[in-house]
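Notes follow the structure.
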Amino acid sequence: MAALAACLLLATLPATAGQSADASQALAFPGAQGWAAHTPGGRGGQILRVTTLAADGPGSFRAALEAKGPRIVVFEVGGVIDLGMQELRITEPYLTIAGQTAPHPGVTLIKGGLIIATHDVVVRHIRIRPGDGGMPKWSGDIDAISTVRGARNVIVDHCSLTWATDENLSASSTRFHGENEAEWMENASHSITYSNNIIAEGLAHSTHPKGEHSKGSLIHDHVNRILLVGNLYAHNYERSPLFKGGARGQVINNLIYNPGQRAIHYNLIAEEWIGHEYSRGEMVVRGNVMRAGMSTEPLALFMVGGSGDVDLYLDDNLAVDRIGNAEIPEVGRYTTAPVALDRHARTPALPFGVHLLPSAQVQDAVIERVGATPWNRDLVDRRIVADVIEGRGWIIDSQDEVGGYPQYEASRKPFVEAEWDLDTMEPIGGHSRGEPLR
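Under mature numbering (1 follows the signal peptide of the UniProt record, and there is no 0), read the sequence shown as residues -17 to -1, 1 to 421, first letter to last.
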């Protein structure tokens, strides 16, 4: 009975403030999925226009993030925002970042990252490419996007996240904030959707103090109600994704290309849990595709390490080697500890709004939809997608190995409210987003 209760905990955790499972609530945007699907983000708040590519000051992206109250950030300028190896921290809730409003070539943040430290945040259609910034080896690390403790009702959708020196896209937290497991779970980042993102080319031997650190997504201890759906993971040595101790969520219809020594994995690190009883993790892994590439070492689709037990449901996942042979094992271990890997006896319910694709359809669907501007990809995303299709590319140590930071000229176009549904930030009628890439 205790094992069954652990299996069912993910589905029965109570809704948090600002989030409801009521399907009659308005969606964040058409097609929003998961436990965060009904977040209002900045709906109904003030429209804040980004009018400069400067890193700070009036009209900057930073100023819009730091404003108080519900707000929708739109862009009247396109191009590159150089953050100067600084991270932007979102601490004010009820925010929508509408990168789809930017004129071609869209919005690209370089030499920095985005930290979400609050609730009810929607981030769509932006590119973040931290890179090493010319800094010396082992000098520091930056995630492209990460949540921290207490973040909830967060959606990161259709973004392009590459060249991080830590994770490209993570949900982080404080491991033991509270008195017991229920409080640890509620205080951790939770109710999160990461959908339709390019999560690629984490830098391996770069500036991270620990050395090699080409990582896709870290889902930290006790993070829960997290959905990773329809993403492209490419050229990350590990963590596509990694769930740590007690983390619980679903990994659905992702395309994983050219992982290094691990793709999807679970690992509770005993050293980090001294004095605490281990929490039990839960992972639902359905309809994912993994293709080996030039940097792929011997591995399994799903691997368990460390010391903690995990409830696992695997269904219709496809893993093939470089010539298409389905000889890659489904499950492997990189631990000698007595970890219990227990299979769900019954099919878990899909998160809200998820329409499960069979694995045979996943590659084409992901390639079509993924990234910041799939209707008009920039040259970096275009290269990554082409390499995935053609079976090219490798794990890199610096952005300079693949052409360096983008240098797009600034473009300007007024934001016209009448052209957009301000509740969902989708274009109205025949209005299109951006101009075709020529």
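Each residue gets a CB set at the ideal place from its N, CA and C atoms; glycine is no exception.
| Asked | Found |
| --- | --- |
| Kindly indicate which three-state DSSP category Ala154 falls into: helix, strand or coil? | strand |
| Given a cut-off of 8 Å, decide if Asn180 and Val139 are closer than it, judged by their beta-carbon atoms. | yes |
| What span of residues does the beta strand (DSSP E) with Asp140 cover, start to end? | 135 to 140 |
| For residue 429 and Asp299, what's the separation of their Cα atoms in angstroms? | No answer is possible for residue 429: the residues shown for the chain start at -17 and end at 421. |
| Label Asn308 either buried or exposed according to how many other C-beta atoms from any shown protein chain fall within 10 Å of its C-beta, with 16 as the threshold for buried. | exposed |
| By how many angstroms is the C-alpha of Lys198 removed from the C-alpha of Asn151? | 7 Å |
| Quickly, what does DSSP pair Gln69 with across the bridge? List them, please. | Gly95 |
| Using DSSP with H/G/I as helix, E/B as strand and the rest coil, what is Asn241? | coil |
| Under a three-way DSSP split, which group does Glu75 fall into? | coil |
| May I ask you to report which of helix, strand or coil DSSP gives Val345? | helix |
| In whole angstroms, give me the CA-to-CA distance for Tyr261 and Ala165. | 13 Å |
| In this structure, how does DSSP classify Phe159 when only helix, strand and coil are distinguished? | coil |
| Please state whether the Cβ-Cβ distance between Asn219 and Pro192 is less than 8 Å. | no |
| Three or more C-beta pairs under 8 Å: does that hold for the segment 370 to 386 against the segment 222 to 234? | no |
| Please check the pair Val267 and Tyr296, which I expect to be a contact at CB under 8 Å, by giving their CB distance rounded to whole angstroms. | 5 Å |
| Taking C-alpha atoms, which residue in Glu254, Gln233, Gly264, Arg245 lies nearest to Lys227? | Gly264 |
| For Leu(-9), I'd like the list of residues in its chain whose CB is within less than 6 Å of its CB, leaving aside the five on either flank, ordered along the chain. | For Leu(-9), the predicted model reports a pLDDT of 35, less than 50, meaning its position is unreliable; a value from the coordinates is still stated below. Answer for Leu(-9): no residue qualifies. |
| Label Met68 either buried or exposed according to how many other C-beta atoms from any shown protein chain fall within 10 Å of its C-beta, with 16 as the threshold for buried. | buried |
| If Ala38 and Thr22 are in contact, beta carbons under 8 Å, what's the gap, nearest whole angstrom? | Not confirmed; about 28 Å, so no contact. |
| Would you mind working out which of Arg72, Gly24, Val90 sits nearest Leu36, comparing C-alpha positions? | Val90 |
| Considering only C-alpha positions, which residue in the set Ile252, Ile209, Gly276 is nearest to Ile239? | Gly276 |
| Just verifying my parser: in three-state terms, what is the DSSP assignment at Gly315? | strand |
| If you count every other CB in all the chains shown that lies within 10 Å of the CB of Val399, and 16 or more means buried, which is it? | exposed |
| My output table needs one value for Ala4: the three-state DSSP class, helix, strand or coil. | Any reading at Ala4 must be qualified, since the residue scores a pLDDT of 43, below 50, and its modelled position is unreliable; the value itself is stated next. Here Ala4 sits in coil by DSSP. |
| The alpha helix (DSSP H) that contains Phe44, what's its start and end? | 44 to 49 |
| Can you tell which of Gly40, Val56, Lys51 has the C-alpha that lies nearest to the C-alpha of Asp406? | Val56 |
| Spell out a yes or no on whether the segment 100 to 117 and the segment 72 to 90 are touching, meaning 3 or more CB-CB pairs, one atom from each, closer than 8 Å. | yes |
| Where does Asp115 fall in DSSP's three states? | coil |
| Excluding sequence positions up to five away, which residues of its chain have a Cβ less than 7 Å from the Cβ of Asp304? | Ala275, Glu310, Ile311 |
| Just list the beta strand (DSSP E) runs in the segment 186 to 239, keeping only unbroken ones of 3 residues or longer that don't cross its boundaries, in chain order. | 207 to 212, 215 to 217, 225 to 227, 231 to 235 |
| Go ahead and label Gly194 buried or exposed: buried means 16 or more other beta carbons lie within 10 angstroms of its beta carbon, across all protein chains shown. | exposed |
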